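From first to last, the protein sequence lines are chains D and V. When the count follows this note's numbering, it moves up by one through the first sequence with no breaks and lands on 321 for the last residue. When the count follows this note's numbering, it moves up by one through the second sequence with no breaks and lands on 1321 for the last residue. Following: one structure in structure tokens, then a few remarks.
2 protein chains.
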Amino acid sequence: MIKAKIVSTGFYLPPKIQTAAELAPLIGRSEKWILSRTGVAERRIAEEPMDEMAAKAARKALQNGPPPDCIINASATPLQFIPDSSVFIQETLGYKGIPSWSIHSTCLSFFVALHSAASLIETGTFKRILIVSAEAGTPFRDLDEPESASLFGDAAAAAVIEPTPPGESSGIIDWNMQTWPEGAHLTEFPGGGTRFPPNGPDTTPKHNLFHMKGVKIYKMARALIDKNLSGLYQRTGLSSQDIDWLILHQASGKAVQMSQAYGIPPEKTINIVAKTGNTIAASIPLVLATANHEGKLKRGDLLLMGGTGAGLSIAFSLIRW
Amino acid sequence: MIKAKIVSTGFYLPPKIQTAAELAPLIGRSEKWILSRTGVAERRIAEEPMDEMAAKAARKALQNGPPPDCIINASATPLQFIPDSSVFIQETLGYKGIPSWSIHSTCLSFFVALHSAASLIETGTFKRILIVSAEAGTPFRDLDEPESASLFGDAAAAAVIEPTPPGESSGIIDWNMQTWPEGAHLTEFPGGGTRFPPNGPDTTPKHNLFHMKGVKIYKMARALIDKNLSGLYQRTGLSSQDIDWLILHQASGKAVQMSQAYGIPPEKTINIVAKTGNTIAASIPLVLATANHEGKLKRGDLLLMGGTGAGLSIAFSLIRW
Chain D
1 MIKAKIVSTG FYLPPKIQTA AELAPLIGRS EKWILSRTGV AERRIAEEPM DEMAAKAARK
61 ALQNGPPPDC IINASATPLQ FIPDSSVFIQ ETLGYKGIPS WSIHSTCLSF FVALHSAASL
121 IETGTFKRIL IVSAEAGTPF RDLDEPESAS LFGDAAAAAV IEPTPPGESS GIIDWNMQTW
181 PEGAHLTEFP GGGTRFPPNG PDTTPKHNLF HMKGVKIYKM ARALIDKNLS GLYQRTGLSS
241 QDIDWLILHQ ASGKAVQMSQ AYGIPPEKTI NIVAKTGNTI AASIPLVLAT ANHEGKLKRG
301 DLLLMGGTGA GLSIAFSLIR W
Chain V
1001 MIKAKIVSTG FYLPPKIQTA AELAPLIGRS EKWILSRTGV AERRIAEEPM DEMAAKAARK
1061 ALQNGPPPDC IINASATPLQ FIPDSSVFIQ ETLGYKGIPS WSIHSTCLSF FVALHSAASL
1121 IETGTFKRIL IVSAEAGTPF RDLDEPESAS LFGDAAAAAV IEPTPPGESS GIIDWNMQTW
1181 PEGAHLTEFP GGGTRFPPNG PDTTPKHNLF HMKGVKIYKM ARALIDKNLS GLYQRTGLSS
1241 QDIDWLILHQ ASGKAVQMSQ AYGIPPEKTI NIVAKTGNTI AASIPLVLAT ANHEGKLKRG
1301 DLLLMGGTGA GLSIAFSLIR W
């Protein structure tokens, strides 16, 4: 067990709402089609830069406490290519001199950052790490691809990680992640890098939009999640019966419902997908922060946190809240 | 001290060389101007994707050992926006199922990845982490900006991190990093994100190129490096006299020479800038792998590793090889 504690959380939802009814004509499908395929009734649309969203969520997570001694940006949609977005988030928060960087694992960026941060806390490297995920990805939706375009929404969420005080039970019990490159092309934004550079002669506007083959991911994930969870349960001696709350990446309505197939009943599954959609890396911390804000999480509760990410990656962890 | 050991390293330089004489007419300056301003006599130009460069360096670092149990891509120039490049590097290496992700802190990406990996090793989370940095950034040079355009080169380098075996002295003694957002605009690639998206109506080709104000960075860095190193020496009780090798980010010829100002003589400074230029995140591991390949590093040697990165970030660590 890694003795790191999520001491506080925060989230920010931009005020502008786009409902399924409003999105329907833009993607050539009906409201009913969107609701039945994705379960996303509405999503937020950012009208401000991601660093401002990030700072709003981070301020809530930092509360009135001291500044963090490390800032990790864990977002898939950066503000710009260089410097990494942590710099701009730090600037917008009004800090300077705090070591900061970014972790990118698409929808699992927060998950990876949390577990990296926990080890940095355990080794005494840092004492108060701010992790923040802010996604302003809705402009990258391909409206000609209704299935993926109707999934995404914008949001920001943050968490502060500190050493677990003596006598408390909070910590990371174990985590289990696998990345399967055979699924790389199931979730893709082909542009934005050296393969199809923004100024490249062979780069088309479609390269600079987000593409996802949801049904194929669902099938691949179904087969892999069972194995991932079995490994986690075997290593820890815990089981799905022990879980108090499932903090799942809200990939889609169907993905969240899938939790029942691996033994987590709906009443233990925090489900916000209808109101937020898939908010990429902000999704997992948004679920966590929402559950925390609603007073659902009690210290000592066992959380199962994780889901899928572009890669295809599958990751779950067992966390003592 | 974090008991993690860099067990092996590898590097790859693409075969195509661009000399200062060849670059001179492209940027409207003379060969002499390039040499006196940047100290970069030649640089490599990648003619293959970054994942292939990464895999070539990684295979050398992995030698005939077992596969890693974690892969961290630490590069500033991704192959594409999503998935993160670690997925493609894993695929090109012929692996599957290994947890992988990316860390981005521009020129300090390897530095941050190394220290994150060391903590993940120390907590027993992983036993053999591959870190790889591969940069194919030369197409992003702005040829209208001779000062920065004459600095960059392409390269890949990798390292494998494992727990320090009992009885050995290898480890991370301490590290010290600060990020100063007031320097954010000194090293910039404004495009490639949500601020100036590739398809955005306000995005210009110039947004999608790399810009750097080298003289201003040099001045800012001069003032900050002393403070960073003083902190590191105070905390550890070590001094510049104790350093066996300086593994410095090869930002420019002047940046490497600056080491003398903080007490490291040229014979202890690994200097490859004339032959490779600034290879962004690949720079630090390339220096490390070159020194290792040349047989310079002896187990027990004290390494000072670090430099500057976009942010502006300053980071140094003391490593017992």
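Think of the CB as a built atom: it goes at the ideal place given N, C-alpha and C, for glycine as much as any other residue. None of these values were measured; they are calculated from a predicted model.
field: As assigned by DSSP and simplified to three states, the class of D:N176
entry: strand
- request: Look up V:Q1063 in the DSSP assignment and say whether it is helix, strand or coil.
  value: coil
task: For chain V, find out if any of its Cβ atoms is closer than 7 angstroms to the Cβ of D:M305; answer yes or no.
output: no
task: Provide the residue span of the beta strand (DSSP E) that contains V:Q1018, from first to last.
output: I1017 to T1019
message: Does the region 1061-1080 of chain V come into contact with the region 1100-1110 of chain V, if we say contact requires no fewer than three beta-carbon pairs (one atom in each stretch) closer than 8 angstroms?
response: yes
- request: List the residues of chain V whose Cβ lies closer than 7 angstroms to the Cβ of D:Q178, in chain order.
  value: G1097 and P1099
message: Please list, in chain order, the chain D residues whose beta carbon lies closer than 8 angstroms to that of V:T1077.
response: G193 and T194
field: Buried versus exposed call for D:N176 [16 or more other C-beta atoms within 10 Å across all chains shown]
entry: buried
task: Check whether the Cβ atoms of D:A221 and D:T308 lie closer than 7 angstroms to each other.
output: yes
- prompt: Mind pulling the chain D residues with CB within less than 7 angstroms of V:P1067?
  reply: Under the 7 angstroms cutoff, chain D gives no residues; its nearest Cβ is about 13 angstroms from V:P1067.
message: Does chain V have any CB closer than 7 angstroms to the CB of D:V112?
response: yes
task: Pull up the distance between the alpha-carbon of D:K56 and that of D:I270, whole angstroms please.
output: 23 angstroms
Among V:W1245, V:T1236 and V:P1067, the one whose alpha carbon lies nearest that of V:R1128: V:P1067
task: Entirely within the region 168-238 of chain D and at least 3 residues each: give me those beta strand (DSSP E) ranges in chain order.
output: 171-179
message: Considering only the alpha carbon of each residue, which of D:S86, D:S313, D:D242 and D:E168 lies closest to V:S1086?
response: D:S313
query: Does the distance from the CB of D:L286 to the CB of D:I243 come in under 7 angstroms?
result: no
- request: Answer yes or no: do D:E42 and D:I6 have a C-beta to C-beta separation smaller than 7 angstroms?
  value: no
field: Residues sharing a beta bridge with D:P163, DSSP
entry: D:A4
field: Residues that V:Q1080 contacts on chain D, provided the C-beta gap is smaller than 9 angstroms
entry: E188, F189, P190, G191, G192, G193, T194, R195, F196 and H207
- prompt: Quick one: is V:P1083 near chain D, going by C-beta distance under 7 angstroms?
  reply: yes
query: Is V:Q1090 close to chain D, meaning its C-beta is less than 7 angstroms from at least one C-beta of that chain?
result: yes
query: Going by DSSP, which residues form a beta bridge with D:V132?
result: D:N73 and D:A158
task: To the nearest angstrom, report how far apart D:P181 and V:S1230 are at their CA atoms.
output: 44 angstroms
- prompt: If you run the structure through DSSP and keep just helix, strand and coil, what is V:F1110?
  reply: helix
task: With a cut-off of 8 angstroms on the beta carbons, I'd call V:L1232 and V:L1288 a contact; round off their distance for me.
output: About 18 angstroms; that fails the 8 angstroms criterion.
query: Any beta-carbon of chain V closer than 7 angstroms to the one on D:A136?
result: yes
task: Assuming V:R1059 contacts V:G1010 (C-beta within less than 8 angstroms), just tell me the rounded distance between them.
output: 7 angstroms
field: Interface residues of chain D facing V:E1249 [CB-CB closer than 9 angstroms]
entry: Looking at the sequence shown, residue 1249 of chain V is not Glu but His. Under the 9 angstroms cutoff, chain D gives no residues; its nearest Cβ is about 15 angstroms from V:H1249.
Same chain only: Cβ atoms within 6 angstroms of D:A136, ignoring 5 sequence neighbours per side: A46, M50, T77 and D154
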